[in-house]
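Report on one structure; see the data block that follows.
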Amino acid sequence: MAIILRLDRVMADRKMSLNELSEKVGVANVNLSKLKNGHVSAIRFSTLNAICEVLDCQPGDILEYRNED
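One gets the working numbering by counting positions in the sequence shown from 1 and adding 1 to each.
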């Protein structure tokens, strides 16, 4: 897939655990874990918005596009 997820890096920069992010965002820990590890094929804008709000970041800090060529 050409989309790379960088949630783990942003969380580490903010010194925030998965459990803490889960509580603040209101998304199940298991779902955030799947997102963090790249085991998802989609993300809702409302979830992305909540993550960005809690982590004080931009969507581009979490998502990266890499050309597969």
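Even for Gly, the Cβ is constructed at its ideal location relative to N, Cα and C. Fair warning: this is a prediction, and the values are worked out from it, not measured in the lab.
Worksheet item: Hey, how far is the Cα of M12 from the Cα of D62?
Response: Translated into the one-based positions of the sequence shown, residue 12 becomes position 11. Translated into the one-based positions of the sequence shown, residue 62 becomes position 61. Each residue's alpha carbon lies about 11 angstroms from the other.
Worksheet item: For E69, which residues of its own chain have a beta-carbon under 6 angstroms away from its beta-carbon, when the five flanking residues on both sides are left out?
Response: Within the sequence shown, residue 69 is the residue found at index 68, counting from 1. Here the set comprises A3.
Practice prompt. Have a look at E65 and G27 and give me their C-alpha separation to the nearest angstrom.
Written response: For the purposes of this step, residue 65 is taken as the residue at position 64 of the sequence shown. For the purposes of this step, residue 27 is taken as the residue at position 26 of the sequence shown. Using only the alpha carbons, I get a separation of about 24 angstroms.
Worksheet item: Are three or more beta carbon pairs between the region 38-47 and the region 18-26 nearer than 8 angstroms?
Response: no
Fill in: CA-to-CA distance, R67 to N32, given in whole angstroms
For the purposes of this step, residue 32 is taken as the residue at position 31 of the sequence shown. For the purposes of this step, residue 67 is taken as the residue at position 66 of the sequence shown. Those two C-alpha atoms are separated by around 24 angstroms.
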